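**Q**
Protein chains in written order, with the UniProt record's numbering: chain A, 1 to 337; chain B, 1 to 337.
1) What does the Cβ neighbour count give for residue 295 of chain B, buried or exposed, with the cut at 16 atoms within 10 Å?
2) Helix, strand or coil for residue 243 of chain A per DSSP?
3) I'd like to confirm the pairing. Which residues does DSSP put opposite residue 138 of chain A in its beta bridges?
4) Please list, in chain order, the chain A residues whose beta carbon lies closer than 8 Å to that of residue 114 of chain B.
5) Using a beta-carbon distance cut-off of less than 8 Å, what residues from the stretch 224-242 of chain A approach chain B?
6) Looking at the structure shown, is residue 319 of chain B part of a helix, part of a strand, or coil, going by DSSP?
7) Quick one: does residue 57 of chain A have its CB under 8 Å from some CB of chain B?
8) Can you give the Cα-Cα distance for residue 303 of chain A and residue 224 of chain A, rounded to whole angstroms?
9) By how many angstroms is the C-alpha of residue 137 of chain B removed from the C-alpha of residue 329 of chain A?
10) How long is the line joining the alpha carbons of residue 317 of chain B and residue 171 of chain B, rounded to whole angstroms?
11) Show which residues of chain B have a CB atom less than 7 Å away from the CB atom of residue 48 of chain A.
12) Is there at least one Cβ from chain A nearer than 8 Å to residue 321 of chain B's Cβ?
13) Going by CA-CA distance only, name the one from B:305, B:157, B:115 and B:121 that's closest to residue 51 of chain B.
14) Can you give me the C-alpha to C-alpha distance between residue 159 of chain A and residue 93 of chain A, rounded to a whole angstrom?
15) Output, in sequence order along the chain, the residues in the stretch 168-195 of chain A whose CB is closer than 7 Å to any CB in chain B.
16) Skipping 5 residues on each side, what residues in its chain have a beta carbon closer than 6 Å to that of residue 310 of chain B?
17) Exposed or buried, which one is residue 147 of chain A when buried takes at least 16 other CB atoms within 10 Å?
18) So does the stretch 33-46 of chain A actually touch the stretch 84-92 of chain B, counting three or more Cβ pairs closer than 8 Å?
19) Using CA coordinates, which residue listed in A:196, A:61, A:211 and A:101 is at the minimum distance from residue 128 of chain A?
20) For residue 249 of chain B and residue 271 of chain B, I'd like the C-alpha separation in whole angstroms.
21) With a threshold of 16 other CB atoms inside 10 Å of the CB of residue 198 of chain B, please say whether the residue is buried or exposed.
22) Whose Cβ in chain B lies nearer than 9 Å to the Cβ of residue 149 of chain A?
23) Give the straight-line distance between the Cα atoms of residue 119 of chain B and residue 112 of chain B, rounded to the nearest whole angstrom.
24) In chain order, which continuous runs of the beta strand (DSSP E) of length 3 or greater are located wholly inside the stretch 39-63 of chain A?
25) Ignore the nearest five residues each way along the sequence and tell me which others in residue 289 of chain A's own chain have a CB closer than 7 Å to its CB.
26) Thinking just about the alpha-carbon of each residue, which of A:102, A:192 and A:154 is nearest to the one in residue 132 of chain A?
27) Which stretch, first to last residue, makes up the alpha helix (DSSP H) that contains residue 257 of chain B?
28) Taking the alpha-carbon positions, what's the residue 205 of chain B to residue 125 of chain B distance?
29) Out of A:104, A:190 and A:312, point me to the one whose CA is closest to residue 268 of chain A's CA.
30) Quick check: the Cα distance between residue 253 of chain B and residue 193 of chain B, rounded to an integer number of angstroms?
31) Name the chain B residues that come within less than 8 Å of residue 51 of chain A, Cβ to Cβ?
32) Compute the beta-carbon to beta-carbon distance between residue 150 of chain A and residue 100 of chain A, rounded to the nearest angstrom, for a pair I have assumed lies under 8 Å.
33) Starting from the C-beta of residue 255 of chain A, find all residues in its chain whose C-beta is less than 7 Å away, skip the five residues before and the five after it, and write them out in chain order.
34) Check the Cβ-Cβ distances between residue 84 of chain B and every residue of chain A, and say whether any is below 8 Å.
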C-alpha cells in the first residue's frame, strides 16, 4: 500500500496490473449472447446470423475529450452512449439491431473499474436495442477511444433510406429534441440547476426510442436519426430526396427547454436560445421521418412539418441562418497531444 | 501563402481547411464497390450481402505511435496494414472477405494527402482481399486512430475455428514468419541495410497469402493467422483444441533472417536471435493450420510440426522460455498524452 493512501483504502487496480488477457476474460465473463451471435469472442472472428441474406452495418468512433469527458459522464453512461448512437443508425435504416463489435483503446493506468463501467453500460444498451456484444479489440492508447460497429437485420423489408421523401409527406419526430444540447450547456456552464437533471442525463446517455420504428408494421418513406442536429439531418433527407422541408415552429416548442434557457440567463448570465437546442443540437438520437400524408402517425410520433417541392429546410417558411450541424474539424482550438 | 514558405511551394491543405464533408466526398469519389456491398456510403448505415445467412466479422484498432509510426511507414502502407490484419482474421475463419468499414480519427492539422494515402492503401488491400470499403466514420482525434471492421462470407462452409486440431494432425504454415519482426528491428536500429528492404517492407505492410485458404477445396481442421507471434498463436490453437503442438526447428530456419541478424550484430552491435523473430515476432499475418495427416498439403503450405496429446507448444520437444506474444498493456513506459 502506498504510504500516502488512507488506511484501508485499496488502490484501484489498473489495466496494466490486470493484463490484457485477464481483462478480456473479465469483460466476457458470464455474458449471454443474443440469438443472432452464432460464435462470440475467443477466435479470430465472430460469426453473426443474417437471416434474410443481408445485414445493415454502421460504425462510429468516440474520442475522449472530443465526444465524451470522464469528468462529465460515468463510464456506464459513456458505454451506453457509444452503443446507442450506433444502434440508432441501424434502426434509422429500418433494421433491428442484432450484434455489436467494440474496439477499445485506453491507457495502461486506466482503472479496471472504468473498463467495468464502460462494458456494463455497453451490454445494458445493447440489450435494450435487442443485441449483444459479439467481440472486439483491446489496445493501448494515451487517450481513450471507443469504436463501435453495429449490425442489424431488415427482416425481409426494404431499407428505409434518406431518399424516399415525397412532396406532400408529413415530417414527424419520435423522441426528444434539444435535450442533449441543453444538458451539455448546463454541464459547460458549471451551474447547479436541479430541475435540469433529466436534460443532463439525456446528454450523458441518450435513449433512442428504437421501438417506434421496429414495433410498427407501417413504415415511413424516409428516415434518419438526429445526430448532427435537426436542421442538418433533415437537410440530408431533403437533399437525398430532392425535396424541400418546412417545419412548424409551434410544434417544436418545448417548455422544459424554454424554462432552462431562462434560468441559465438569470443565474449564470448565459445567453442561450432554446430553439437553437431544438434545431441544431445533435446527439439526441431521436428519429425523424417522412410519412405518407394519408397514413395515421403511429404512437410515439408527432407531426413537426411537411415535405414541399423545392430544396432546403425552412422553419415557418423562413430559411435559418446557418444550420449549425456538427462538423468534426471546425473550430480553431489546437488538438491536445 | 506563409512568408516563410519558399516561393512556389504550396502549403499542404489540412483536413480542417478542406472540412469533414468535402473530405468524405473526396474519400468516396470514383470508388467502385464490391458486389457484396448493396448500399455503400451516404446514408445512416451500409447494407452488405450475406448470401449464406451468416457473416464473419473481425475488428482491430491501430493507434499512432503504438501500432504504426508515420515516420517509419507511408500512409499507403499503414492503410494496407490496417485492412490486411483484419482481412487475415476473416480468412483465418475460412471466410472470403466481402467488405470493410473504417473509422478514422485524425488531428485537424493532418495534411489531406496523408488521408489520401491511407485511403488509397486501404482500397488497394481491400481489393486484393476481394472486398471494398462500404462506409465509415471520420472524427477528430489528437493522435491518429484507425479502427477497421472486416466482413466475410463462409460460402456455405463451416467456420474453421482454433478448436479443431486433433492428435496426429500436421502443423503447416503459409506465408513468411519473422519478417515483420526483423523489419521492425532494422527500423528501430536506424541501420541502413540494403538487403533488408524486403523485410522492412514486410513490416510496413504485410501481404497475407489469402489465396492459400480461399482457393483450396480442402480445408484444415484448425486455422489462425500469426498476429501475436507463432508460439502465442499456436498456443491458442493448442489450448482451444486440448492438444499439444511440437514444432521442428529445422523447418523454421530462414537464411534471410539469419543473415540479417549477423549483419545487425556486426554493423550496429545489436544482439538479436533470428529464431526469436520466427517464434515470437507478430504481425506477419501468415496462416498456420492443423491439417489431417492423411491429406496432401496444398500448394503454398509447408510442414513445420505436428499435433500431440498433451498441452502447450514445444520446439524439438523443448518448452520455450516465455512465449513472447504481444500483450497490449505490458511495458512500463508511460503513455504519452
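For each residue, glycine too, the CB sits at the ideal point set by N, CA and C. Keep in mind it's a predicted model, so treat the numbers as computed, not measured.
**A** The structure says:
1) exposed
2) coil
3) A:104
4) The premise fails here: residue 114 of chain B is roughly 13 Å from chain A at the closest Cβ pair, so nothing lies under 8 Å.
5) 224, 225 and 240
6) Note: residue 319 of chain B maps to strand in three-state DSSP.
7) yes
8) Distance between the alpha carbons of residue 303 of chain A and residue 224 of chain A is about 15 Å.
9) 13 Å
10) 14 Å
11) 54, 55 and 57
12) no
13) Comparing Cα-Cα distances from residue 51 of chain B to each of B:305, B:157, B:115 and B:121, the minimum goes to B:157.
14) 5 Å
15) none
16) 244
17) Its Cβ being crowded by 16 or more others within 10 Å, residue 147 of chain A is buried.
18) In this structure the stretch 33-46 of chain A touches the stretch 84-92 of chain B; the number of beta carbon pairs closer than 8 Å is three or more.
19) Residue 128 of chain A has its Cα closest to that of A:211, out of A:196, A:61, A:211 and A:101.
20) Answer to the nearest angstrom: the Cα atoms are 20 Å apart.
21) exposed
22) 57, 59, 101, 103, 147 and 149
23) Cα atoms of residue 119 of chain B and residue 112 of chain B: separation of roughly 11 Å, rounded to the nearest angstrom.
24) The qualifying runs are 46-49 and 54-63.
25) Hits under 7 Å: 172, 220, 222 and 223.
26) A:102
27) Annotation: the continuous alpha helix (DSSP H) that includes residue 257 of chain B extends over 255-268.
28) 10 Å
29) Of A:104, A:190 and A:312, the residue nearest in Cα terms is A:190.
30) A straight line joining the alpha-carbon of residue 253 of chain B with that of residue 193 of chain B spans about 21 Å.
31) 53
32) 5 Å
33) none
34) No, residue 84 of chain B lies away from the interface with chain A (no Cβ there is under 8 Å from its Cβ).
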